[in-house]
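Asker: From first to last, the protein sequence lines stand for chains V and C. Residue numbering for the first sequence follows numbering that gives the first Met the number 0, starting at 0 and increasing by one per position. Residue numbering for the second sequence follows numbering that gives the first Met the number 0, starting at 0 and increasing by one per position. Quick one: structure below, then a few questions.
Protein chains: 2
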Amino acid sequence: MSQEHTNPAGNPITGKSAFSEDVMVRSSRPTLEPAASALATFLLTRVLESIGNPAIQFVLWNGTAVPRDADAKSGRILIHDMGALLRLVAKPDLNFGEMYASRRIDVHGDLAELLERVYRALPREDGVTDKRMRLGAVLDAQRRSLRQARHNIRHHYDFGNDFYKLWLDREMIYTCAYFPTPAMDLESAQLAKMQHICRKLRLKPGEKVIEAGCGWGAMALHMARHHDVSVQAYNISREQIAFARERARREGFGDQVEFIEDDYRNARGKFDAFVSVGMLEHVGPERYEELGRVIDGVLAEHGRGLIHSIGRDYPQALDAWTERHIFPAACPPSLSQMMNIFEPCGFSVLDVENLRLHYARTLEHWLQRFEAAAPMVETMFTPAVARTWRLYLAGSLAAFRAGNMQLFQVLFARSRDNRIPWTRDSP
Amino acid sequence: MSQEHTNPAGNPITGKSAFSEDVMVRSSRPTLEPAASALATFLLTRVLESIGNPAIQFVLWNGTAVPRDADAKSGRILIHDMGALLRLVAKPDLNFGEMYASRRIDVHGDLAELLERVYRALPREDGVTDKRMRLGAVLDAQRRSLRQARHNIRHHYDFGNDFYKLWLDREMIYTCAYFPTPAMDLESAQLAKMQHICRKLRLKPGEKVIEAGCGWGAMALHMARHHDVSVQAYNISREQIAFARERARREGFGDQVEFIEDDYRNARGKFDAFVSVGMLEHVGPERYEELGRVIDGVLAEHGRGLIHSIGRDYPQALDAWTERHIFPAACPPSLSQMMNIFEPCGFSVLDVENLRLHYARTLEHWLQRFEAAAPMVETMFTPAVARTWRLYLAGSLAAFRAGNMQLFQVLFARSRDNRIPWTRDSP
């Protein structure tokens with residue numbers, strides 16, 4: 000965004016610099032010549048075509064609507080100036096979000112509903128994506144080196160604990176909850192999620208557990224408290240580790256749970272269980288085999304493992320806006336991609352559960368809390384930050400509702416191990 | 000086997016034709032010169048090394064043991080003549096079974112236990128296998144053409160209903176059962192398996208179901224009887240279809256269940272559920288995307304699908320003996336391979352369950368029944384047929400116990416469908 004704002008080029012059609020204001024003043028509505036209006040209509044029609052013609056309508060600052068006639072129930076995207084229009088047309092996937100953040104584009108009505116329409120209509124993008132993913136592989140590998148991984152993670156998770164406290168549950172769990180019934184409250188559903196995972200892992204008192212990517216520490220503390228295991232929990236976000244250590248000390252688990260500010264790839268020792276909730280998204284498919292080898296190195300002969308991760312129904316790159324503004328170098332994998340963790344390393348997949356609708360429900364809670372806290376976010380940061388996060392949460396909600404994102408829990412053990420549970424219901 | 004039996008070459012060391020008797024007479028024990036004995040020891044030591052040095056011992060007709068000292072608990076493989084020895088050394092994976100069938104090689108003690116030792120020691124064979132699989136891909140594609148598929152399937156399943164009746168459960172279900180507790184009897188466990196699958200598919204009265212590969216019809220009739228659905232069930236085995244039709248008529252489901260002697264790839268119409276139990280093993284990974292397109296073509300918007308198949312923890316070719324004598328052109332896939340059914344076609348995997356130990360238990364039942372019926376099999380066919388099937392059942396049991404084979408149930412729906420079950424326990 001900043002890079003575009005320093006672009007000295009003025010608007011080629013209006014001659015007006017499009018970059019003079021960070022927030023568009025909506026009352027200023029320059030007129031648009033008929034030829035320019037026709038061109039805008041043409042370009043926006045192409046944009047709609049390229050995204051599968053969802054039931055949405057663009058409305059320009061002068062009242063021009065594309066398509067002209069739309070269902071009253073159609074979502075409406077308001078474009079407030081020529082610069083925003085041109086950027087949207089040039090790179091819709093990246094610039095919609097940037098223009099929305101600076102309020103030069105607005106959405107009329109429910110943001111998540113509009114985005115869900117868009118996601119549902121989006122054509123499959125294997126071809127483009129495969130190419131993008133191949134071209135990006137070398138760069139990605141570099142971006143996920145140990146040092147760069149720290150940078151990427153801090154970009155997102157060191158945003159400030161106070162920020163996340165505003166809208167997460169009281170245990171600060173920033174991953175999909177599990178709702179035994181959809182009406183359950185978020186606090187209970189996050190507890191149910193941790194119980195759900197521990198049940199799958201069949202933790203026994205006295206066992207040693209390693210957690211890769213522990214967030215603010217809720218899962219590690221839950222396992223120690225309710226299953227009497229000792230935990231080594233890795234995280235490269237300094238703010239999260241500090242928070243988790245302080246909580247462990249305060250709650251009397253300082254000896255039983257060790258929070259380690261380091262990359263999981265540096266883990267040593269032998270553990271009875273490996274668990275990772277919401278970290279795989281940051282690992283990158285080109286490093287899955289390496290992850291598998293790390294797990295192979297630390298897991299005991301009869302060890303069990305569970306990886307909980309956002310996923311996809313087929314390999315796809317993250318959209319450009321999320322990749323730039325929210326999660327640098329992140330990539331939710333498809334199951335075929337995830338299998339590169341397990342298949343080269345002698346692991347056997349025992350159980351996969353897709354909790355997509357549970358992530359949609361989790362996001363409904365987060366978005367509701369976020370909206371309530373938005374004035375606070377605007378004060379702590381800027382209105383643009385608040386709008387960026389609203390768009391990110393609403394967009395994620397839309398993606399899970401539309402089936403563009405999945406949530407996989409994958410339980411595994413070693414191929415030769417016959418001490419695996421007899422059935423899912425076995426104690 | 001027949002091709003080797005017509006080989007006119009005599010035994011190069013003893014000068015005695017190794018092919019004169021179909022069954023080796025164990026009392027004839029030609030002596031072995033010291034040099035020949037040393038060579039035999041050398042060659043068998045290499046064989047043991049190549050299969051990862053399992054705790055087994057080869058014992059030759061003259062008493063030579065390789066390795067010389069072995070644990071008393073080691074499995075023992077008795078080699079009765081020089082021809083059998085040379086063939087074993089030349090191609091252990093193919094010729095062990097052929098020599099075992101003709102009783103020129105015997106196993107002392109529990110066959111399945113010995114084979115489990117072998118499977119547990121076997122080194123991973125990605126490299127060899129990948130190469131073999133690439134080289135074989137074109138041939139495989141040809142072998143799984145519509146016409147050849149019929150031939151392959153008939154090789155195995157048209158062996159005769161009377162044969163399978165001897166050792167399968169009373170409903171003639173030739174796929175992995177589901178044992179809520181390990182002590183359950185086979186009949187109940189096969190019923191429990193059908194209930195388990197129907198629960199996952201959440202069949203509703205009046206729905207239409209398509210079954211690809213229906214065996215002797217038990218699953219199709221179960222769904223019709225207990226869930227009041229109509230079923231179109233495909234199978235290219237003539238004997239099985241005849242049996243299934245007769246059973247449907249006799250039990251009054253002739254109108255509700257249509258047994259179709261045809262390839263599932265010729266299916267037409269729209270169905271609420273797709274189910275396939277134990278057919279994918281015969282499809283071949285190079286045709287998974289085609290299978291996905293067939294399912295895409297016949298599944299309704301809110302349709303659900305379940306594929307139940309033997310699988311692997313990583314891509315591997317079937318061993319040469321099983322491929323030649325039991326299942327021509329079969330290939331149990333790894334999960335990454337299976338994903339080629341779903342990922343290119345807009346499906347979302349909802350649930351994967353690995354029932355490996357249940358297939359081991361199922362095979363324990365089958366093997367026990369088969370042993371009891373072996374004299375009958377020898378009478379109906381030949382002793383070699385009985386020994387081939389014993390080896391196949393014991394080898395499969397060993398492979399599931401050792402983790403060389405898996406059993407995957409994969410539940411899926413369309414990516415955009417939000418009518419998927421909320422949790423696994425949802426009604």
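Where a beta carbon is used, it is the ideal one built from N, C-alpha and C, also for glycine. As the structure is a computational prediction, the values presented were derived from the model and not from experiment.
Using the DSSP secondary-structure output, state which residues sit across from K203/V in a beta bridge.
Answerer: To locate residue 203/V, count along the first sequence from 1; it is residue 204. Bridge partners of K203/V: none, in fact.
Asker: So L31/C and N61/C are supposed to be a Cβ contact under 8 Å. How far apart are they, rounded?
Answerer: Along the second sequence, one-based indexing puts residue 31/C at 32. Along the second sequence, one-based indexing puts residue 61/C at 62. Correct: roughly 5 Å between the Cβ atoms.
Asker: Among residues of its own chain, excluding the 5 on either side of E324/C, which ones have a beta-carbon nearer than 7 Å to its beta-carbon?
Answerer: For this step, residue 324/C is matched to residue 325 along the second sequence. According to the sequence provided, residue 324/C is His. The question's Glu does not apply to it. G96, T387.
Asker: Taking the C-alpha atoms as reference points, what is the distance between A373/V and L167/V?
Answerer: What you label residue 373/V is simply residue 374 of the first sequence in a count that begins at 1. What you label residue 167/V is simply residue 168 of the first sequence in a count that begins at 1. Rounded to whole angstroms, A373/V to L167/V spans 13 Å at the Cα level.
Asker: So the candidates are A329/C, M338/C, G304/C, G253/C; which of them puts its Cα closest to the Cα of E288/C?
Answerer: The count along the second sequence starts at 1 and reaches residue 288/C at position 289. Looking at the Cα atoms, M338/C is the closest of the given residues.
Asker: Pull out every residue of the stretch 336–356 of chain V whose Cβ sits closer than 8 Å to any Cβ of chain C, in chain order.
Answerer: Within the stretch 336–356 of chain V, the qualifying residues are M338, N339, F341, E342, P343, G345, F346, S347, V348, L349, D350, V351, E352, N353, R355, L356.
Asker: Please name the residues in the stretch 174–187 of chain V whose beta-carbon is closer than 7 Å to at least one beta-carbon of chain C, in chain order.
Answerer: Result list: P179, P181.
Asker: Per DSSP, which residues does R237/V bridge with? Please list them.
Answerer: The residue you call residue 237/V lines up with position 238 of the first sequence. In DSSP, R237/V forms no bridge with anything.
Asker: With DSSP run on the structure shown, which of helix, strand or coil describes I104/C?
Answerer: Your numbering for residue 104/C matches position 105 in the second sequence. Strand at I104/C.
Asker: Which first and last residues belong to the beta strand (DSSP E) in which I306/C is found?
Answerer: Sequence index remark: in the second sequence, residue 306/C carries index 307 (1-based). Its beta strand (DSSP E) spans residues 298–310.
Asker: Once DSSP output is grouped into helix, strand and coil, what is the label at R123/V?
Answerer: In the first sequence, counting from the first residue as 1, residue 123/V sits at position 124. Correct three-state label for R123/V: coil.
Asker: Apart from the five residues just before and just after R75/V, which ones in its own chain have a Cβ nearer than 6 Å to its Cβ?
Answerer: Translated into positions along the first sequence, residue 75/V becomes position 76. Here the set comprises Q56, V58, H107.
Asker: Do you know offhand how far I196/V's Cα is from P426/V's?
Answerer: Counted from its first residue, the first sequence places residue 196/V at position 197. Counted from its first residue, the first sequence places residue 426/V at position 427. Using only the alpha carbons, I get a separation of about 14 Å.
Asker: If you count every other CB in all the chains shown that lies within 10 Å of the CB of D312/C, and 16 or more means buried, which is it?
Answerer: On the second sequence, position 313 is the one that residue 312/C refers to. D312/C is buried by the Cβ-count criterion.
Asker: Look at the alpha carbon of A39/C and the alpha carbon of R45/C, and state the distance between them as a whole number of angstroms.
Answerer: Within the second sequence, the letter at position 40 stands for residue 39/C. Within the second sequence, the letter at position 46 stands for residue 45/C. C-alpha separation (whole angstroms): 10 Å.
Asker: Beta-carbon within less than 6 Å of D21/C's beta-carbon, same chain only, minus the 5 sequence neighbours each way: which residues are those?
Answerer: In the second sequence, the residue the question calls residue 21/C occupies position 22. Note that D21/C scores a pLDDT of 37, beneath 50, so its modelled location is shaky; the value from the coordinates is reported in the next line. Closer than 6 Å at Cβ, skipping near neighbours: S101.
Asker: Go through the stretch 360–426 of chain C residue by residue and report every complete run of the alpha helix (DSSP H) that reaches 4 residues or more, in order.
Answerer: DSSP runs (the alpha helix (DSSP H)) wholly in the stretch 360–426 of chain C: 382–401.
Asker: Please list the partners that S333/C has in chain V, where partner means a Cβ-to-Cβ separation under 8 Å.
Answerer: Sequence index remark: in the second sequence, residue 333/C carries index 334 (1-based). Neighbours of S333/C on chain V, chain order: M338, E342.
Asker: Does any C-beta atom of chain V lie closer than 8 Å to the C-beta of S395/C?
Answerer: The residue labelled residue 395/C in the question sits at position 396 within the second sequence. For S395/C, the answer is no, since every Cβ of chain V falls outside 8 Å of its Cβ.
Asker: Should P332/C be labelled buried (16 or more other beta-carbon atoms within 10 Å of its own) or exposed?
Answerer: Here residue 332/C is taken as the residue at index 333 of the second sequence, counted from 1. The residue is buried, with at least 16 neighbouring Cβ atoms inside 10 Å.
Asker: What does DSSP give as the partner residues of S333/C in its beta bridges?
Answerer: Here residue 333/C corresponds to residue number 334 of the second sequence, with the count starting at 1. Answer is R311/C.
Asker: Identify each residue in the stretch 285–316 of chain C for which the Cβ-Cβ distance to at least one residue of chain V is less than 7 Å, and report them in chain order.
Answerer: Going along the stretch 285–316 of chain C in chain order, one finds D312, Y313 with a Cβ nearer than 7 Å to chain V.
Asker: In chain V, what lies closer than 8 Å to Q408/C by C-beta?
Answerer: Residue mapping note: residue 408/C aligns to position 409 of the second sequence, counting from 1. Residues of chain V passing the Cβ test: none, with the nearest at roughly 10 Å.
Asker: Beta-carbon of T422/V versus every beta-carbon of chain C: anything under 8 Å?
Answerer: The residue you call residue 422/V lines up with position 423 of the first sequence. Chain C, which has a Cβ nearer than 8 Å to the Cβ of T422/V, makes this yes.
Asker: Distance, Cα to Cα, V409/C vs V276/C?
Answerer: Within the second sequence, the letter at position 410 stands for residue 409/C. Within the second sequence, the letter at position 277 stands for residue 276/C. Distance between the alpha carbons of V409/C and V276/C: 10 Å.
Asker: Which residue from H221/C, L200/C, K207/C puts its Cα closest to that of G304/C?
Answerer: As a first step, residue 304/C must be located in the second sequence, where it is residue number 305. Minimum Cα distance to G304/C is reached at L200/C.
Asker: For R133/C, count neighbouring Cβ atoms within 10 angstroms of its own Cβ and tell me buried if that reaches 16, exposed if not.
Answerer: Walking along the second sequence from the start, residue 133/C turns up at place 134. Any reading at R133/C is ruled out, since the residue's pLDDT is 46, under 50, leaving its predicted position unreliable.
Asker: Run down chain C in chain order and give the residues with a C-beta less than 7 Å from the C-beta of A401/V.
Answerer: For the purposes of this step, residue 401/V is taken as residue 402 along the first sequence, with counting starting at 1. Going along chain C in sequence order, the residues near A401/V (Cβ under 7 Å) are R415.
Asker: Reducing DSSP to helix, strand and coil, say where F346/C ends up.
Answerer: By one-based count along the second sequence, residue 346/C stands at place 347. Strand, per DSSP.
Asker: If I'm right that R400/V touches N417/C with Cβ under 8 Å, what's the distance once you round it to whole angstroms?
Answerer: Sequence index remark: in the first sequence, residue 400/V carries index 401 (1-based). Sequence index remark: in the second sequence, residue 417/C carries index 418 (1-based). Contact flag correct, Cβ pair sits at about 7 Å.
Asker: So is M23/V buried or exposed if we call it buried at 16+ other beta carbons inside 10 Å?
Answerer: Translated into positions along the first sequence, residue 23/V becomes position 24. Residue confidence for M23/V is low, a pLDDT of 40 falling below 50, so the modelled location carries little weight and cannot support an answer.
Asker: Taking the alpha carbon of V256/C as the point to measure from, which residue in S308/C, E210/C, W421/C has its own alpha carbon closest?
Answerer: On the second sequence, residue 256/C is found 257 positions in, with the first residue counted as 1. Among S308/C, E210/C, W421/C, the Cα nearest to that of V256/C belongs to E210/C.
Asker: With 16 as the cutoff for other CB atoms within 10 Å, does N94/V come out buried or exposed?
Answerer: Position 95 of the first sequence, counting from 1, holds the residue named residue 94/V. Classification of N94/V: buried, given that the 10 Å Cβ count is 16 or more.
Asker: Using the Cα positions of I427/V and R423/C, report the straight-line distance between them to the nearest angstrom.
Answerer: Nothing can be reported for residue 427/V, as the shown portion of chain V is limited to 0 through 426.
Asker: Our contact map puts V428/V next to A266/V with C-beta atoms below 8 Å; I'd like the distance itself, whole angstroms only.
Answerer: Residue 428/V falls outside the range modelled here, since chain V spans only 0 to 426, and no answer is possible.
Asker: For T378/V, is the classification buried or exposed, using 16 other Cβ atoms within 10 angstroms of its Cβ as the cut-off for buried?
Answerer: One-based indexing of the first sequence puts residue 378/V at position 379. Its Cβ having fewer than 16 others within 10 Å, T378/V is exposed.
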